Every structure is written in C-alpha cells, then in structure tokens.
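**Q** Positions 445 to 1193 (my numbering) are the ones given, in order, by the sequence shown. Below: one structure in structure tokens.
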Amino acid sequence: MSKSGGCFQKEPTGGCLVLEEAKLKRIFNLSYELQSYFIASMTSSCPLKEELYKSGAASALCLSIFGAANSADKLDARASLPLWKLASSVMQQYKSEIRSYDCNQTPLKTEGLFFEQVLRLLLDSVGYFFKECEKSSKEAPPDVNLETSLNTKLKMLNLLTRIITFCIREFVSSSSPADLAPGNSAFIAWMKWMINIRFAGGLHASGTGIASKLVDSLESSIFLAIDIVISHLMTLAPDPQKNVEYSAAASILRNAAFTPAARCRIYGIIMAGLPQHSHCYPRWITDEFNLYAEFFNALSEVGTLGSGADQVDKNELSACADEFYVTLLKQFCASLCGLPAGCFFRLEQALLHGLLSKSPLTNLMVADIWCFLVRYGTGDLCWQYVTTFASTIDQLSKQLSSQTPANRKQNLVYLDRLGQLLSRWIIFLTPRQQCQFFQRYPLSHPNIGDSFDPAMCESSSILWRFVPLRIDRLQKSAQTMAKNQIFERLTELSSAVDEHPSGNDRRTHLLLEVSLSLHFADFLPASSLDPVVTTVTRLISYLFDQLRSDRPDNALGLGPLWLLDSLNQPVADLCNHLSHWIPSLAYRSLSASQQNSASDTLQMLLDAAVSSRPGEQVSDLVLGAFCTWLLPTCTDLLRDQAPASRQHNQWLRVLSSIVRSVKIKSSSSYHKMLTDSLEKCLPVVPELPSDSSSTIDPFIGDIARSIDRLEASLRPTSVWADSQLETLRGMSNRLQDIVNTMSERGQKG
C-alpha cells in the first residue's frame, strides 16, 4: 500500500506507517539543511533573524517545528530527531522574546500558552518512546544489549527530557506560577507521569516495574530529569504578585492533585536538596507553608482507602515499610543538617503535630526523626527534651481522673506516644544525666496506695507507667542504679502481695504495678535476677492467679494501652515475660531434684495455656515461649545423652502430650519446631519408673466412671458447642497416647 507518491508503506506485520529508506535520507538531508540555515541566520544579520524578533513570530515558529517533530515520531525516530534539535535551537536562541510574548498574552482558549503547548507535545513524545523502549526490552532475548538495539529510541528519550528540563527551567519562574496551578496543567501532568514511571506510583523503589536492563539507561534521562526539575522548583522565589513569604513552587505543589505517595516523593527530594541551597530554607518553612508539616500531612494519607482512615491497603503499607519509608527518612534527616536556627521552632511544631496524629506510619516516622535530632544534637538539647516530656507526661497523667471517658481515652493515646519516645531519648543521655534523671524520677517507688488519685501521686510512680524503659540499653552506671531501684520496687511489691490487699481499686492498682515491674525485669540480664528469683516468681504467680480468676474492669485511665493489654491476655503476657529471662531458670528448675516455685510456675502456665479457654487457638506467643524453654534443654540432652531428673522427664512428656492435642494455627512454625524437638528428645529420656502397675488403677477407674456419666447424659436431640467437641478430641488424643505408651511397655516386658 502506498500513499503520497509512495513515500509511506505499511509494515507487513502491523499498521504503522514507515518511511522508505531513500525517502528517509532525503528528509534527513532536508532537516539538517534547514537546521544549518536557521543556525546561520541566528548568528548573522538577515531578514529572517529580524522577523523572528517580532512579537509572537519565534513562538509560532517553535510550535510549528515542535508539532512537526511530534508527528514525525510515529513515522521514524531518525526523521524526528533533527526536527527536535532544530526546534530546541530556535527556542534557546529566542527564549527571551518567547518568554516576553508569552507573559503578555492572554492564553487562547483552545491552545493555551507556548509553554503549555510545547510541554504537551514533549510529554506525548516521551511517553511514546518510553512505551516503545519498554515493549522492546520485554521482547528482547536475555543476551541482547539493549543500548545497542534501542540506541535511537534511548537517544530520543535523552534529548526530549533535556528539552523538557530546559523549558521548565526557563519558563517556570516566580512570575509565572499562576499559569501552572490548574489541575490539567501540562506541567503538573508531566510531574505526575514522571513520578509514576520512576517510583511505580510513588510507594516503590526507583525503577520498580521496569525491565532491569532498561533502568540503567533511564537513570541518565527520565530519572535524572525529575531531580533537576524539582531542584529548580526548590530555588524559586516567592510570587511577587502576592504578599507571601513562601516559594512560588510551594503554591503550585500544594494545589496540584498529586497522590499522597507522589507528594511525599516530591517533598522528599526538595528536603534532601535544601542543604545545598541554604538560602531557600525560609522560602519553604514559613507560617503560611511549612514543608515539614505538609510532608507529614501527606504521609498521614498514605495507605488509606477513600476517606476512612481505618481502611488500610496492606500491600501499600508493606511497601511503606521498605524503601519508601527508609528513603524519606534519610531525606528528611538530611534537611536537618543545614536547618537555620530561625526555622527550628517550626520543625518542632511539625514534629509534635505528627507525633499526635492518627496515622501510625506518621507517628513512627516522627519518632525516628526526633531521635535522630536528639542523637546528633547537643547534650543540652537532649536533656531539655527529656525533662520537658517527663514534666508533660507527669502533668497530663495527673489530670486523667477529672476528665470525661472520651477525653481520657484520647489523652492515654497521647501519653503512650510521648512515653514511648521519652524511653528512646533517655538512652541518648550522658551517664551523668541518666543518673540525675533516675534521682529525680526513681524506679523504686510503686504507687500502692489505698486509693488511686493521680493528682496525689509522686511524679516517679505515675511517670514510669507510660515510659517502657529499656534498662539494658542504659549506660553502666545508670544501669546499676536502675537495677537496684527495680530490686527495691520488687521487694516492696512482694510485701504488698503478702498482705492480700482488699478493695477493687487497690487490687487493680497493685496488678498494674506488678505487671509494669515484670516489664522492667524483662530487660535485666538473667544472671542479675538470681537474688530476686523467688520474689519474681511469687509476683508472677500472684498476677496469674488474680487475672485468671477475675480480671479488673476499672483499669482504664490507670495506665497506657500496652500495659492494660497485659491484664486482658495474662497467659500470653506472662509467657512473654518468662521467655525474656527465664530460660536458664527454667532449665535449672526442671533439672533440680526437688520441686520448687519456679517449676510450679512453668507447670501452671503450661496447663493454663491450653485449658483456660477451651476451643480457642493457642497463640504463637505462648508456643514461642515454650520453644524458648524447651529447645536449649533438648539440645543439651541430645548432646550429652545424660539422664535428666524425674521432674524434667515428666515435664517433657506432659508437654509432648499437650502439644499434640492443642488447637493451633495451621501456619504456626512454632508448633512444628516443638513437635520436631520433642520427637528427637524423647527417645533419650528414660521411662519414668513406677512402684507398681496397680498405682494407676484408681485413675483408670475414675476415667471409666466419668465416661459412664458422660454417656448417660447424651441425648439424640442434644446440641454441643464446638469448644466442647474440641476439648473431647484433645482428651481422646491424650488418652490414645497413654494407651500406646502402655502397649509398647507391655511388649518390651
């Protein structure tokens, strides 16, 4: 098929028009001759040069050539290349005339300003060549060098992105932001396209979704262009037509309809570049526009669907936890290195607002940034923050009792976040400052008064309920002081427990203090707990017995949410405590020849974990604690082949029977670890001796009578709960294990 005298032909396998090679060479020559003519005319006196200086002539010529180049892209890149170069040369030569004419004219309703029209053409061509490169990279064999096979198309991408960056740097200035504000602006469309291509929408690493062979080539063209353009926007002065202090680009970016993730990426690049342009800080951090506050507002919207903040896209949050979060954190921290003193209070305002926002992602980011600021700031700054937050927590917590339930719940959330951050800051204090802080707020005084009134509490007793301190990360001198204070606290609580406190408020208050003290003990070395092992075990037993019988319903307002959760899930929480420091204690107690309180505690938790709520799944936290106790023991048995104590053997066999019968999650890795370890360990555990086979006769009789009563109570029309069926199945499995064991023993005999 031919058209226009045979210049065009259809490809055999598609509908795209291509130029015949001979005709293509003629167009090349004509284009290059035209380009040479214009260049020569620009550098000498001739009628054309004078004509182009007339109003609008240069703009019209550039638009005509750009339009021709855009059309030629679809025919052959080699045909459009000289046209793009020619248009670029004319635009560079007459940029002043074009800018002057463009700013003094009212945009045509159907076409718009010169910059808008050119950018639309450029964006269309860049998108076309990018799709062509992407298509070819997917179809190319693995051993093909893309830079060779896509040489012309990659060159076109490089040229077009350079032209785009030139246009933006020349025609986007502080005097022209009003022309770029509309949501359909070609400039905003280009920004959206670039962010979407480079970061796969904003949440993912640079180059995600693009063939790895193509990414390296795009780094020097498309990816570099976005950094250059945003760097230019960062340096724009305030709009002279408005009485504002912030950059003209700030207004453009704030009003543009970017996605939250894309907005975060743009703000991140700006923040990373501010230290190289320190004079620009006051343009981006003002009362009217605070870059840090705008960034946190955008970050708060990342991962939400629609207007409901409770609906979260798990895939988006998973991406946030990887490159997206780390990159933005680094960029934010980089901007702090050159922050002027005059902007510091606005940074603190943004950090505090972000810390108290509803977005968990923003809370985490703010905490990490503030810790960076404290860690690499002066010692006085760290001490000032620590004492200020401690005083704030103290004052706010004392007001809880006089607040409405709704306000109290919200303030508990605030106290929890302030306390979490304060616990991290304390680590950055000097040894001397840490000791001073523990002198001002000692850990040794639990609040165990007859009635709870926060306004009458000592500062230390209420403060530490909201500060989950990591004692193992303190300086040595402060760690010793804190350890001694905790020992005093444990001793005082043990005495209070022995007194069997009466009164609902006092009991709830004591339970919270015991749970908090066990948290502190989690982060002490296991060896250092030897002097208080008996005390700790007594407190664990007391806490478990109290919570198992009756959980308090009046604890709201007495402590942070994480501490209240420990009272609602006593088995899992106590297993978690024990898994921190009791493995060595568990091994010693189970290997001992005599029964002791520690082994009683282990046996109690083991039974309670699978029987306190029949039919419910045993949590991974409980199974994980069992693994922590069991695996070191099994390793020692398999290594030494040494006989263990009777108590140790009995405990392992009971655990084996229970683990086989409990209801667990099918995906639990802990359950498999437990069963595998027990299968390896039990063959080397000697059978438990018995004085006579007749000793089990009473138990067999009890089982038989229980079964008779159960059968007598069954009716054809009865309906049974799932929990009852699950409990019976578990008992059946355990009974079958006993029968198998007795059968094997009888065969051996």
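C-beta: ideal position from N, C-alpha, C; glycine also. Only a predicted model underlies this, so the values are computations on that prediction, with no experimental measurement involved.
Could you say which of 699, 833, 530 and 778 lies nearest to residue 720 if we only look at CA atoms?
**A** Along the sequence shown, read from residue 1 onward, the residue named residue 720 stands at position 276. For the residues 699, 833, 530 and 778, the minimum Cα distance to residue 720 belongs to 778.
**Q** Quick check on this structure: which residue in 641, 879 and 734 has the alpha carbon closest to the alpha carbon of residue 689?
**A** Position 245 of the sequence shown holds residue 689. Per the Cα distances, 734.
**Q** Pair every Cβ in the region 690-701 with every Cβ in the region 727-741, then say whether three or more of these pairs are closer than 8 angstroms.
**A** The answer is yes - the region 727-741 touches the region 690-701, with three or more Cβ pairs under 8 angstroms.
**Q** Which residues in the same chain have their Cβ closer than 7 angstroms to the Cβ of residue 872, if we skip the five residues on either side of it in sequence?
**A** Stepping through the sequence shown from its first residue, residue 872 is reached at position 428. Correct list, in chain order: 818, 819 and 826.
**Q** Enumerate in chain order the residues of its own chain whose CB-to-CB distance from residue 878 is below 7 angstroms, with the five nearest sequence positions on each side excluded.
**A** Here residue 878 is taken as the residue at index 434 of the sequence shown, counted from 1. So the qualifying residues of the chain are 870, 918, 919 and 922.
**Q** Only counting the same chain, and skipping five residues up and downstream in sequence, which positions put a Cβ closer than 7 angstroms to that of residue 738?
**A** In the sequence shown, residue 738 corresponds to position 294, counting from 1. Same-chain partners within the cutoff: 698 and 711.
**Q** For residue 636, which of 600, 705, 833 and 604 has the nearest alpha-carbon?
**A** Counted from its first residue, the sequence shown places residue 636 at position 192. For the residues 600, 705, 833 and 604, the minimum Cα distance to residue 636 belongs to 705.
**Q** Looking at C-alpha atoms only, which residue of 569, 566, 952 and 543 is the closest neighbour of residue 557?
**A** Against the sequence shown, residue 557 aligns to sequence position 113. Ranking the options by Cα distance to residue 557, first place goes to 543.
**Q** Here's a check: name, in chain order, each residue in its chain whose Cβ is nearer than 6 angstroms to the Cβ of residue 791, leaving out the five neighbours to either side.
**A** In the sequence shown, the residue the question calls residue 791 occupies position 347. 736, listed in sequence order.
**Q** I'd like to check one pair, residue 565 with residue 634: are the Cβ atoms closer than 8 angstroms?
**A** Translated into the one-based positions of the sequence shown, residue 634 becomes position 190. Translated into the one-based positions of the sequence shown, residue 565 becomes position 121. No. Outside cutoff.
**Q** On a Cα-Cα basis, can you pick out the residue from 976, 1004 and 648 that is closest to residue 957?
**A** For the purposes of this step, residue 957 is taken as the residue at position 513 of the sequence shown. Nearest of 976, 1004 and 648 to residue 957, Cα basis: 1004.
**Q** Could you please give the first and the last residue of the uninterrupted alpha helix (DSSP H) stretch that includes residue 914?
**A** As a position in the sequence shown, residue 914 is number 470, starting the count at 1. Premise fails: residue 914 is in no alpha helix (DSSP H) and is neither H nor E.
**Q** How should residue 560 be labelled, buried or exposed, when 16 other C-beta atoms within 10 angstroms of its C-beta is the threshold for buried?
**A** Residue 560 sits at position 116 when you count from the first residue of the sequence shown. Buried, by the Cβ-count rule.
**Q** Based on Cα-Cα distance, which residue from 742, 517 and 973 lies nearest to residue 803?
**A** Residue 803 sits at position 359 when you count from the first residue of the sequence shown. When only C-alpha atoms are compared, the closest one is 742.
**Q** Can you give me the C-alpha to C-alpha distance between residue 924 and residue 665, rounded to a whole angstrom?
**A** Locating residue 924 in the sequence shown gives position 480, where the first residue counts as 1. Locating residue 665 in the sequence shown gives position 221, where the first residue counts as 1. Looking at the two C-alpha atoms, the distance is approximately 58 angstroms.
**Q** Please work out which residues of its chain come closer than 6 angstroms, Cβ to Cβ, to residue 573, disregarding the five sequence neighbours upstream and downstream, and give them in chain order.
**A** To locate residue 573, count along the sequence shown from 1; it is residue 129. Answer for residue 573: 597, 600 and 601, listed in chain order.
**Q** Looking at residue 670 and residue 639, is the spacing between their C-beta atoms short of 8 angstroms?
**A** Against the sequence shown, residue 639 aligns to sequence position 195. Against the sequence shown, residue 670 aligns to sequence position 226. Yes, Cβ-Cβ distance for residue 639 and residue 670 is below 8 angstroms.
**Q** Using a 10 Å radius around the Cβ and a threshold of 16 neighbouring Cβ atoms, would you call residue 582 buried or exposed?
**A** Your numbering for residue 582 matches position 138 in the sequence shown. Looking at its Cβ environment, which holds fewer than 16 other Cβ atoms inside 10 Å, residue 582 is exposed.
**Q** Which term fits residue 516, buried or exposed, when burial requires 16 or more other beta carbons within 10 angstroms of its beta carbon?
**A** What you label residue 516 is simply residue 72 of the sequence shown in a count that begins at 1. Under this definition residue 516 is a buried residue.
**Q** Would residue 930 and residue 983 qualify as a contact pair, given that the criterion is a beta-carbon distance under 8 angstroms?
**A** Here residue 930 is taken as the residue at index 486 of the sequence shown, counted from 1. Here residue 983 is taken as the residue at index 539 of the sequence shown, counted from 1. Contact flag unset, no.
**Q** Rounding to the nearest angstrom, what Cα-Cα distance links residue 810 and residue 799 in this structure?
**A** Numbered from its first residue, the sequence shown carries residue 810 at position 366. Numbered from its first residue, the sequence shown carries residue 799 at position 355. Approximately 6 angstroms, taken between the alpha carbons.
**Q** Short of 6 angstroms in beta carbon distance, which residues of its chain neighbour residue 979, apart from the five on each side in sequence? Order them along the chain.
**A** The residue you call residue 979 lines up with position 535 of the sequence shown. So the qualifying residues of the chain are 934 and 938.
**Q** Taking the C-alpha atoms as reference points, what is the distance between residue 797 and residue 787?
**A** The residue given as residue 797 occupies position 353 in the sequence shown. The residue given as residue 787 occupies position 343 in the sequence shown. C-alpha separation (whole angstroms): 16 angstroms.
**Q** Should residue 723 be labelled buried (16 or more other beta-carbon atoms within 10 Å of its own) or exposed?
**A** Along the sequence shown, one-based indexing puts residue 723 at 279. Exposed, by the Cβ-count rule.
**Q** Over what stretch of residues does the alpha helix (DSSP H) that includes residue 641 continue unbroken?
**A** Taking the first residue of the sequence shown as position 1, residue 641 is located at position 197. Its alpha helix (DSSP H) spans residues 630-643.
**Q** DSSP three-state call for residue 729: helix, strand or coil?
**A** Position 285 of the sequence shown, counted from the start, is the residue given in the question as residue 729. DSSP places residue 729 in strand when its eight states are reduced to three.
**Q** Return the residue from the list 683, 780, 731 and 682 that minimises the CA-CA distance to residue 717.
**A** As a working note, residue 717 is residue 273 in the sequence shown. Looking at the Cα atoms, 780 is the closest of the given residues.
**Q** Determine, using beta carbons only, whether residue 868 and residue 815 come nearer to each other than 8 angstroms.
**A** Here residue 868 corresponds to residue number 424 of the sequence shown, with the count starting at 1. Here residue 815 corresponds to residue number 371 of the sequence shown, with the count starting at 1. In this structure, residue 815 lies closer than 8 angstroms to residue 868 by Cβ.
**Q** What does a CB cutoff of less than 6 angstroms around residue 622 pick up in its chain, not counting 5 residues either side in sequence?
**A** Position 178 of the sequence shown holds residue 622. The predicted position of residue 622 is uncertain, since its pLDDT is 47 and thus under 50; a value taken from the coordinates is nonetheless stated next. Counting only Cβ-Cβ distances below 6 angstroms, and skipping sequence neighbours, we find nothing.
**Q** Residue 570 to residue 708, Cα distance in whole Å?
**A** Taking the sequence shown and counting its residues from 1, the one referred to as residue 570 is at position 126. Taking the sequence shown and counting its residues from 1, the one referred to as residue 708 is at position 264. For residue 570 and residue 708, the distance between alpha carbons rounds to 24 angstroms.
**Q** Given that a residue counts as buried once 16 or more other Cβ atoms are within 10 Å of its Cβ, and exposed if not, what is residue 605?
**A** Position 161 of the sequence shown holds residue 605. Label assigned to residue 605: buried.
**Q** What are the residues that DSSP puts in a beta bridge with residue 734?
**A** Taking the first residue of the sequence shown as position 1, residue 734 is located at position 290. 729.
**Q** Where residue 525 and residue 682 are concerned, what is the direct C-alpha to C-alpha distance, given to the nearest angstrom?
**A** By one-based count along the sequence shown, residue 525 stands at place 81. By one-based count along the sequence shown, residue 682 stands at place 238. If I take the Cα positions, the gap works out to 38 angstroms.
**Q** Rounded to whole angstroms, how far is the Cβ of residue 672 from the Cβ of residue 609, which I believe are closer than 8 angstroms?
**A** One-based indexing of the sequence shown puts residue 672 at position 228. One-based indexing of the sequence shown puts residue 609 at position 165. Correct: roughly 5 angstroms between the Cβ atoms.
**Q** Can you give the Cα-Cα distance for residue 745 and residue 849, rounded to whole angstroms?
**A** Within the sequence shown, numbered from 1, the residue matching residue 745 stands at position 301. Within the sequence shown, numbered from 1, the residue matching residue 849 stands at position 405. Computed Cα separation, rounded: 28 angstroms.
**Q** Where does residue 909 sit, in a helix, a strand or coil, going by DSSP?
**A** If you number the sequence shown from 1, residue 909 lands on position 465. It is coil, neither helix nor strand.
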